[in-house]
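Undergrad:
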Amino acid sequence: MPRNPAQMPTFYGNDNNTVQYPIPPQVYFEGVNVDDEIPTVDFNLTVQRMIMFVGATRNYPGLHHNDRVAQANNAERMFLQNNSCLMLWERVISDWMGIYGRVRSATFRITNFHLSGDIIHVGGKITKKWQENGLNFVELTMLSHTPRRVGMTGTVIVALPSTKYPTTTPMWDLEGKATVVCQ
Amino acid sequence: MTTEQTPPAARPMRGDPNVTWEDTAKHIGEDYSGGIIMVADERVDKVMLSRYCEPAEIGNPLYWDEEVARMAGYRSQVVPWAMVKEVPTYGGNWRPGQPTRFPLDVDMDFQSQLANRQPSAGGPPVPPTNAGFFTDMTIEFFEPVCLGDRLTTMGRVLHHVTPRETRVGIGAFIGYDTSYFNQFGQIVARATQGTYSFVRKEGVVDEPGS
């Protein structure tokens with residue numbers, strides 16, 4: 008029996024534009040130093056999580072979601088696809104750099120499979136700090152540890168805002184020159 | 281890691297026995313994309329952004345909240361930098377009118393041919409190898425990728441060829457350059473992706489970067 012529409016609760020879609028998520032503390036160029044470590048994160052690679060990574064990237068080779076296929080290709084069991092390994096660094100770095108930091112470049116080498124069942128420990132350290140072309144840079148040396156050994160190494164260069172322009176996101180052109188003033 | 285376990289049979293040899301890695305290196309700078317320009321089927325949408333962030337639980341509000349992203353100077357919600365290369369899919373994994381990718385006469389571990397990710401038309405001449413895996417990547421970022429963007433991928437230029445013997449085999453590290461653009465023709469990223477192609481040594485199990 009249909010209900011009287013007048014008695015039905017009214018549904019309002021969520022179309023407001025208010026900020027919904029907490030804004031993390033901001034890191035500024037002047038506030039960081041070489042040898043500073045950024046907060047680490049441990050990732051538990053359950054099978055369910057491995058499959059979530061596969062779905063997110065729409066990258067479906069069986070190596071990344073099927074133990075039998077991985078073993079037939081000389082791995083112990085399913086392992087993370089390379090871009091998913093990079094997503095672990097994305098989490099650690101984007102947690103740290105706030106909303107006004109921007110990644111300029113990333114270089115990484117995978118040295119050990121990130122296998123299902125592993126807990127991957129990811130951290131980074133500032134190994135260089137400089138100003139160039141109107142931008143404020145730090146180089147993070149990143150490390151992912153599998154339970155066996157180092158699983159991924161590399162560096163990520165992050166452009167940070169300055170306290171002089173605390174709400175300016177660094178932007179650059181094809182030559183790497185700042186297109187907005189950040190220093 | 282090197283273990284005592286017996287590895288599965290290596291894949292068949294591919295390559296030209298009359299070619300050396302030095303011959304391959306002579307082709308550095310040549311484009312093996314076949315001139316193909318791949319325009320993504322899909323624009324970046326909010327669901328994609330959530331899916332990217334969920335597995336690693338990436339909570340930076342730039343990726344979740346349009347207002348925060350605009351406040352920080354972006355056009356709209358931002359694609360996580362680590363996902364930029366994964367945004368484009370070309371032609372999807374199946375479209376109406378196409379034959380099934382999952383025929384009835386294959387077993388449950390069958391690997392269907394799904395979306396192509398990179399413009400590719402052959403490669404340089406290489407010596408015979410029977411194994412290979414991804415090893416490394418360098419990616420530079422330029423314009424941010426935001427909600428509503430539609431990416432185009434161009435180029436597959438041979439960047440480096442470095443012959444090397446490792447614990448797992450004898451072969452070479454090979455890298456190709458690819459560039460990614462937004463719908464305004466602005467470059468958003470340029471990536472060099474490396475693999476190790478090799479002849480497997482007997483009795484070892486693969487390990488990236490060995």
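Each protein sequence line maps, in turn, to chains A and B. Residue numbers for the first sequence follow our numbering, so the first one is 8 and each next one is one higher. Residue numbers for the second sequence follow our numbering, so the first one is 281 and each next one is one higher. The beta carbon of each residue, even a glycine, is placed where N, CA and C say it ideally should be.
1) Does the Cβ-Cβ distance between B/Ala-349 and B/Ser-356 come in under 7 Å?
2) Would you tell me roughly how many angstroms separate the C-alpha atoms of B/Leu-431 and B/Gly-483, rounded to the nearest one?
3) When you compare the CB positions of B/Arg-470 and B/Ser-459, do they come within less than 7 Å of one another, or not?
4) Quick one: does A/Lys-184 have its CB under 7 Å from some CB of chain B?
5) CB-CB under 6 Å to B/Gly-455, same chain, minus the five flanking residues each way: which ones, in chain order?
6) Using 8 Å as the cut-off, can you tell me whether the stretch 106-121 of chain A makes contact with the stretch 83-98 of chain A, which would need three or more C-beta pairs spanning the two stretches below that distance?
7) Put B/Glu-284 into one of helix, strand or coil per three-state DSSP.
8) DSSP state of B/Pro-341, grouped into three classes?
9) Taking 8 Å as the cut-off, does the stretch 361-378 of chain B touch the stretch 132-141 of chain A (at least 3 CB pairs, one atom from each stretch)?
10) Using a Cβ-Cβ cutoff of less than 7 Å, which residues in the same chain neighbour B/Ile-316 once the five nearest sequence positions on both sides are dropped?
11) Closer than 8 Å between beta carbons: that is the criterion. Which residues of the stretch 92-103 of chain A meet it against chain B?
12) Which runs of the beta strand (DSSP E) spanning at least 3 residues fall entirely within the stretch 375-459 of chain B, listed in chain order?
13) Are any of the Cβ atoms in chain B nearer than 7 Å to that of A/Gln-55?
14) Measure the alpha-carbon distance for A/Asn-89 versus B/Phe-414 and round it to whole angstroms.
15) On a Cα-Cα basis, can you pick out the residue from B/Pro-383, B/Ala-395, B/Trp-301, B/Glu-423 that is closest to B/Ala-320?
16) When burial is assigned at 16 or more other CB atoms within 10 Å of the CB, is A/Val-54 buried or exposed?
17) Any contact between the stretch 49-68 of chain A and the stretch 377-384 of chain B? By contact I mean 3 or more CB pairs, one from each, below 8 Å.
18) Just to confirm my understanding: we take A/Pro-46, look at its own chain, exclude 5 residues before and 5 after, and list those with CB closer than 7 Å. What are they?
19) Is the Cβ of B/Phe-414 closer than 7 Å to any Cβ of chain A?
20) Could you tell me whether the Cβ of B/Gln-378 comes closer than 7 Å to any Cβ of chain A?
21) What residues in its chain sit with their C-beta under 8 Å from that of B/Phe-421, if we drop five residues either side in the sequence?
22) Within the 7 Å Cβ cut-off, does B/Gln-398 reach chain A?
23) Have a look at A/Tyr-28, A/Thr-170, A/Lys-184 and flag the residue whose alpha-carbon is nearest the alpha-carbon of B/Trp-344.
24) Does any residue of chain A have a CB that is nearer than 7 Å to the CB of B/Pro-288?
25) So A/Val-99 is in the beta strand (DSSP E); what residue range does that whole segment cover?
26) Taking its Cβ as the centre, do 16 or more other Cβ atoms sit within 10 Å of B/Ser-330, making it buried, or is it exposed?
27) Using 6 Å as the cut-off, classify the Cβ of A/Thr-160 as near or not near the heavy atoms of the ligand PLP, replying yes or no.
28) Which of the three DSSP states is assigned to B/Leu-329 in this structure?
29) Can you tell me which residues form a DSSP beta bridge with B/Asp-311?
30) DSSP beta-bridge partners for B/Glu-302?
31) With a threshold of 16 other CB atoms inside 10 Å of the CB of B/Pro-297, please say whether the residue is buried or exposed.
32) Where does B/Arg-294 fall in DSSP's three states?
33) Run through DSSP, which three-state label would A/His-152 get?
34) Using a threshold of 7 Å, state whether the C-beta atoms of A/Tyr-107 and A/Pro-168 are closer than that.
35) Taking 7 Å as the threshold (beta carbon to beta carbon), is A/Gly-141 in contact with chain B?
36) Using the beta-carbon of each residue, which ones in chain B are nearer than 7 Å to A/Gln-27?
TA: Quick answer:
1) yes
2) 43 Å
3) yes
4) no
5) His-439, His-440, Thr-472, Gly-474
6) yes
7) Annotation note: pLDDT 34 at B/Glu-284 (below 50); position unreliable, no value reported.
8) helix
9) no
10) Pro-399, Ala-401
11) Leu-93, Met-94, Leu-95, Trp-96, Glu-97, Arg-98, Ser-101, Asp-102
12) 411-421, 432-445
13) no
14) 7 Å
15) B/Ala-395
16) exposed
17) no
18) Asp-102, Trp-103
19) yes
20) no
21) Trp-361, Val-364, Val-468, Ala-469
22) no
23) A/Tyr-28
24) Because B/Pro-288 carries a pLDDT of 47, less than 50, the predicted location of this residue cannot be relied on, and the following value inherits that uncertainty. Yes, contact with chain A.
25) Counting along the chain, A/Val-99 falls outside any beta strand (DSSP E), though it belongs to the alpha helix (DSSP H) covering 89-104.
26) exposed
27) Absence of the ligand PLP is noted for the structure shown, with no ligands found whatsoever.
28) helix
29) B/Val-437
30) Paired residue(s): none; B/Glu-302 is not in a bridge.
31) exposed
32) strand
33) strand
34) yes
35) no
36) Asp-345
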